[in-house]
Amino acid sequence: MPRSAEEPALGEAERRHAAALMRVNHCGEVCAQALYQGQALASSSGRIREALAKAAREEADHLAWSAQRIRELGGRTSALNPLWYAGSLALGYAAGRLGDAWNLGFLAETEKQVEQHLQGHLDRLSPLDATTRAVIETMQREEAGHARTAESLGARELPAPARCAMRALARAMTTVSYRL
Ligand SMILES: [Fe+2]
Ligand SMILES: [Fe+2]
0 MPRSAEEPAL GEAERRHAAA LMRVNHCGEV CAQALYQGQA LASSSGRIRE
50 ALAKAAREEA DHLAWSAQRI RELGGRTSAL NPLWYAGSLA LGYAAGRLGD
100 AWNLGFLAET EKQVEQHLQG HLDRLSPLDA TTRAVIETMQ REEAGHARTA
150 ESLGARELPA PARCAMRALA RAMTTVSYRL
C-alpha cells in the first residue's frame, strides 16, 4: 500500500471521517471488480478482455489498499457491498453486450467519474492524513490510466443522459456507503 513517511496522529473526528471516505472508496473498488468481470464476460474481443484483465489487477490492489487503510483507521467496510457487487456485475455485463465501442466508452466514463470523485475526497480529507492521501492519489492516477487505455482502444463517448444516470447511481452508492 502506498504510504507516507510521516504519519502524524489524527484527531478522532478526522480519523472517523477518513475511515468513512475509505469505506466509500472500498465499496467503489468492489463495484470496479464486478464491472470489469461483467464487462470481460460479455466482451468477445480478446484485446479488450486483456486490457480489462490488466486494469482489474490494479483494481484488486486498490481494493486491498482500501481495506487495509480502513483497518488502520479503525473503521469497517460497507455491509451492503454484496448488493453493490451484484448490481455492478449486471451493469458491466449489460455494457459489454452493447459491443466494444460502448463497452469501452462505459469504462472510460466510469474511470473519469471515479477520478473526479477521488479528487473530491482529497479536497475533503485532512491535510495531515498523508497516508490516506497517498493511497487515494495512487488510485486516482491509475484510474486516469484506465480511462486513457479505454480511449486508446476506441471508446465511444457516452450520451449525456447515460453519463448523468451513472453519476446519479454513483451518488447513491457513495452517500449510502459513507454511513453503512
Ligand atoms: Fe480503482
Ligand atoms: Fe479503475
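Residue 110 in numbering that gives the first Met the number 0 sits at position 111 of the sequence shown, with consecutive numbering throughout.
From the three backbone atoms N, C-alpha and C, an ideal C-beta is built for every residue, glycine too.
A quick note: this is a predicted structure, and the numbers were derived from the prediction, not measured.
Same chain, Cβ closer than 6 Å to residue i, five either side skipped, listed in chain order
i	result
Ala154	Leu103, Gly104 and Ala107
Arg48	Ala39 and Ser42
Gln139	Glu114 and Leu117
Trp64	Met0 and Val134
Ser87	Cys30, Ala33 and Leu34
Close-in-space but distant-in-sequence residues of the same chain around residue i (CB under 7 Å, 5 per side omitted)
i	result
Val29	Leu62, Asn80, Trp83 and Tyr84
Leu90	Leu34 and Gly37
Arg162	Glu108
Ser176	Arg22, Val23, Cys26, Ser77 and Leu79
Per-residue DSSP class, three states only, for residue i
i	result
Ala180	This structure gives no information on residue 180, because the portion of the chain shown stretches from 0 to 179.
Glu150	helix
Met0	coil
Glu5	coil
Glu11	helix
Gly74	coil
Leu34	helix
Leu20	helix
Glu156	coil
Residue nearest to residue i in terms of C-alpha spacing, selected from the options
i	options	result
His120	Ala19, Ala143 and Glu71	Ala19
Asn24	Thr173, Leu179 and Arg178	Thr173
Val113	Ser43, Arg75, Ala169 and Pro126	Ala169
Ile135	Leu88, Ala146, Asp99 and Ala66	Ala66
Glu71	Ala31, Ala8 and Arg147	Ala8
Leu179	Ser3, Pro158, Ala129 and Gly74	Gly74
Ala100	Arg22, Ala149 and Glu6	Ala149
Asp60	Ala31, Thr76 and Ser44	Ala31
Gly98	Leu152, Ala171 and Leu124	Leu152
Arg56	Val175, Arg147 and Glu141	Glu141
Ser125	Glu58, Ala4 and Glu13	Glu13
Thr130	Cys26, Gly27 and Ile69	Ile69
Thr76	Ser87, Met21 and Ala143	Met21
Gly144	Glu11, Glu58 and Arg132	Glu58
Ser3	Glu156, Arg132 and Pro158	Arg132
Glu110	Met165, Glu5, Arg15 and Leu127	Met165
Ala146	Tyr92, Ala54, Arg96 and Ala171	Ala54
Terminal residues of the alpha helix (DSSP H) in which residue i lies
i	result
Tyr57	Residue identity check: residue 57 is Glu in the sequence provided, not Tyr. Element bounds for Glu57: Gly45 to Glu71.
Pro160	Ala159 to Arg178
Other residues of its chain near residue i: CB distance less than 8 Å, five sequence neighbours each side excluded
i	result
Ala50	Thr148, Ala149 and Leu152
Quiz item: At what residue ranges does the stretch 81–145 contain a whole run of the beta strand (DSSP E), taking only runs of 3 or more?
Solution: Taken in chain order, the complete beta strand (DSSP E) segments of 3 or more residues contained in the stretch 81–145 number zero; there are none.
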